[in-house]
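Student:
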Amino acid sequence: MNRFSRPAFHIHHKMATPPTPIGRNGDANPADKTMTMETTSTSIASPAEVNELKIELLRGPITYKSALLNDGNLIHQAEYVALTAAFDRQLWKARSTIKHLTRHHLGLDDRHVCAVAPMRHWIRGSFNVCIPIEVKSPSLYRTLMLRCAMPHKLAEAEYPGSVDEKMGCEVGTYAWIQERCPDIRIPYLYGFGFSDHRQFTHEACRPWHIRVMHWLRRQLHWLLDYPTLLSSYTTHSTTHHLPAAYMLLEDVGSDTSQMLSNTFQQHRGDPDRRRRLFRGMARLMLSLARIPQPRIGSFRFHNDGTVTLTNRPLNCTTMMLENDGTPRTMQTNQTYSCTEPFVADMLHLHDKRFLSHPNAIYNDKNCRGEMAAKVMTRALAHRFIRQNQRNGPFFLQLNDLHQSNIFVDDEWNITCLIDLEWVCALPAEMLAAPYWMTGRAIDDIWEGLAEFNAVHAEFMGAFEEEEHVRTIAKSAAFLLITP
788 MNRFSRPAFH IHHKMATPPT PIGRNGDANP ADKTMTMETT STSIASPAEV NELKIELLRG
848 PITYKSALLN DGNLIHQAEY VALTAAFDRQ LWKARSTIKH LTRHHLGLDD RHVCAVAPMR
908 HWIRGSFNVC IPIEVKSPSL YRTLMLRCAM PHKLAEAEYP GSVDEKMGCE VGTYAWIQER
968 CPDIRIPYLY GFGFSDHRQF THEACRPWHI RVMHWLRRQL HWLLDYPTLL SSYTTHSTTH
1028 HLPAAYMLLE DVGSDTSQML SNTFQQHRGD PDRRRRLFRG MARLMLSLAR IPQPRIGSFR
1088 FHNDGTVTLT NRPLNCTTMM LENDGTPRTM QTNQTYSCTE PFVADMLHLH DKRFLSHPNA
1148 IYNDKNCRGE MAAKVMTRAL AHRFIRQNQR NGPFFLQLND LHQSNIFVDD EWNITCLIDL
1208 EWVCALPAEM LAAPYWMTGR AIDDIWEGLA EFNAVHAEFM GAFEEEEHVR TIAKSAAFLL
1268 ITP
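Going by my numbering, the first residue of the sequence shown is number 788, and it counts up by one from there.
#1: State the start and end residues of the unbroken beta strand (DSSP E) segment that holds residue 1201.
#2: Residue 1162: buried (16+ other C-beta within 10 angstroms of its C-beta) or exposed?
#3: Please go through the same chain and pick out, in chain order, the residues whose beta-carbon is closer than 6 Å to the beta-carbon of residue 886, but skip the five residues on each side of it.
#4: By how many angstroms is the C-alpha of residue 1133 removed from the C-alpha of residue 882?
#5: Mind the definition here: the stretch 1121-1133 touches the stretch 975-993 only if three or more C-beta pairs lie below 8 Å; say whether that holds.
#6: Pull the bridge partners of residue 931 from the DSSP assignment, please.
#7: Could you check where the alpha helix (DSSP H) with residue 843 kicks off and where it finishes?
#8: Classify residue 960: buried if its beta carbon has 16 or more other beta carbons within 10 angstroms, exposed otherwise.
#9: Grab the span of the beta strand (DSSP E) containing residue 849 for me, first residue to last.
#10: Buried or exposed, going by whether 16 or more other CB atoms sit within 10 Å of the CB of residue 1259?
#11: For a test of the three-state rule: what should DSSP assign to residue 1125, helix, strand or coil?
#12: Going by the DSSP bridge assignment, what does residue 936 pair with across the sheet?
#13: If you drop the 5 nearest sequence neighbours on each side, which residues of the same chain put their C-beta closer than 8 Å to that of residue 1029?
#14: Spell out the partners DSSP gives residue 980 in its beta bridges.
#15: Considering only DSSP beta bridges, list what residue 1093 is partnered with.
#16: My output table needs one value for residue 1134: the three-state DSSP class, helix, strand or coil.
#17: Can you name the residues that DSSP bridges to residue 1113?
#18: For the beta strand (DSSP E) that residue 1173 lies in, which residues bound it at each end?
#19: Report the residue from 899, 1082, 1072 and 876 whose alpha carbon sits nearest the alpha carbon of residue 905.
#20: Let me know the secondary structure DSSP gives residue 1347 once reduced to three states.
#21: Pairing CB atoms from the stretch 1239-1254 with CB atoms from the stretch 1070-1085, are three or more of them under 8 Å?
#22: Between the stretch 1042-1056 and the stretch 1173-1193, can you find at least three pairs of beta-carbon atoms closer than 8 Å?
#23: Give me the DSSP bridge partner(s) of residue 1022.
#24: Does the pairing of the stretch 915-923 with the stretch 1080-1092 give three or more beta-carbon distances under 8 Å?
#25: In or out: residue 1279 buried (at least 16 other Cβ within 10 Å) or exposed?
#26: First and last residue of the alpha helix (DSSP H) that includes residue 861?
#27: Tell me the DSSP secondary structure of residue 902 in three-state form.
#28: Applying the criterion that 16 or more other CB atoms from any shown protein chain within 10 Å of the CB defines a buried residue, is residue 1211 buried or exposed?
#29: How about the stretch 962-982 and the stretch 859-872: do they share at least three Cβ pairs that are nearer than 8 Å?
#30: Can you tell me whether residue 1041 is buried or exposed, with buried defined as 16 or more other CB within 10 angstroms of its CB?
#31: Hey, residue 1105 and residue 1136: beta-carbon distance below 9 Å or not?
#32: If residue 1017 and residue 1005 are in contact, beta carbons under 8 Å, what's the gap, nearest whole angstrom?
#33: Going by Cα to Cα distance, which pick from 977, 1184, 1020 and 1097 is closest to residue 1014?
#34: Quick one: residues in its chain with C-beta nearer than 6 Å to the C-beta of residue 909, no 5 flanking neighbours on either side, listed in chain order?
#35: Spatial neighbours of residue 988 within its chain, please: C-beta separation below 8 Å, excluding the five flanking residues on both sides.
#36: Taking the straight line between their C-alpha atoms, what separation do you get for residue 814 and residue 1067?
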């Protein structure tokens, strides 16, 4: 909300019950309004009444008073409620298409029954909605997730093609990890489709003659030593299309595996669980960084099934800022072979956010402080860049490694990593421990700095142990192959 404005509008004194949540009865139409009020009398609202006025957001209602303390663009966030409801309704109406696409990508016929879960069971993240699907037949039972990208959260209206850019980077990362980092457990990707109706399926789900042809192509690709990666995904079009880009994934949840966020607050004080979690996270980070990359950027999936590091470094922050109205500073095909230009463009992006965001500052004093911080950042940035690595190599990093993207067992051994949409090749200086290790938001770490430092040291100890184990294993492998 804009702190410099106080709306003069009429309201009704008594608030009504909030709208019914999206899709509570499966096929019910969710309410599109962001605020509802019960009429008892109409008058000019007092300041106290305005402060208690509630605005519906995706994460729940917020009062006007709380909105004034929030830096986010809550006008946009309030619009997401209606847009998400409309998007959900579109997908619910396309249930028959979802069933057809599921059988299409799995290579099944109509004898296999596909059941789409009611909307109340759908899982909504920051950028995607996941639809549980059951596939049943006398000889098969399988649970899947159809993951659909939400255009209104991915700057599609401002920059057409943003959804397909994000999808291309994500499936490119899936394909790359499948081939280059098989030790990282990720959901099996059966197939996917772009918003422009290009569709692809894993070769394992195609007829035998398609598999043979693709195997021969991969062998030729390897013999000719092409620098690009040829993935296991082949073009597989159908006349059925969804109103969204999608990925058909294995459902990795089970009785013995769940999101870390479900138990993190309960068990984060357990040193044994923390040690197992930190060792697992260190293995993920080291495995991704094991293969150096020649430039800063993201993977891109191409129509011929190849994957190249030719997309701009697409991270979560960039997409959120662009979706919120910040002008774009990096073109989609822009990569970096040197650290300094990348840092300069990221700082320029935040400058544009500062100039375009309605809540960037509170007053003139705050404005001077913000501008001073930006000047200071530019003046000191070179001190944080390693001169011997300014031109690479660069390393793959998880930009969005939070608790809901990590699946663990009861003892916090990592069982799976999900949501690979923001993986980028970045400078080594950006490789860091997750900020959430003490259960605090990033801007609250200072209040518990002693605890954070202790847990951070614990994480770094686990990281060094895992690094040492890998060094020993590499030395042993070298001795085995040395005549």
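Ideal Cβ positions, reconstructed from N, Cα and C, are used throughout, including at glycine. These figures come from a predicted structure and were not determined experimentally.
Tutor: Quick answer:
#1: 1201-1204
#2: exposed
#3: 901
#4: 41 Å
#5: no
#6: 920 and 1037
#7: Segment 841-844 is the beta strand (DSSP E) holding residue 843; no alpha helix (DSSP H) there.
#8: buried
#9: 847-850
#10: exposed
#11: coil
#12: 915
#13: 878, 881, 884, 885, 888, 935 and 980
#14: 986 and 1033
#15: 1017
#16: helix
#17: Answer by DSSP bridge pairing: none, since residue 1113 is not bridged.
#18: Where residue 1173 is concerned, there is no enclosing beta strand (DSSP E), given that its DSSP letter is neither H nor E.
#19: 876
#20: Summary: the structure shown does not reach residue 1347, with the chain confined to residues 788 through 1270, and so no result is reported for it.
#21: yes
#22: yes
#23: 987
#24: no
#25: Any property of residue 1279 remains undetermined from this structure, which presents the chain solely from 788 to 1270.
#26: 861-880
#27: strand
#28: buried
#29: no
#30: exposed
#31: yes
#32: 5 Å
#33: 1097
#34: 916 and 918
#35: 891, 892, 894, 977, 978, 1020, 1021 and 1023
#36: Since pLDDT at residue 814 reaches only 43, below the 50 mark, its modelled position is unreliable, and the value read off the structure follows with that caveat. For residue 814 and residue 1067, the distance between alpha carbons rounds to 41 Å.
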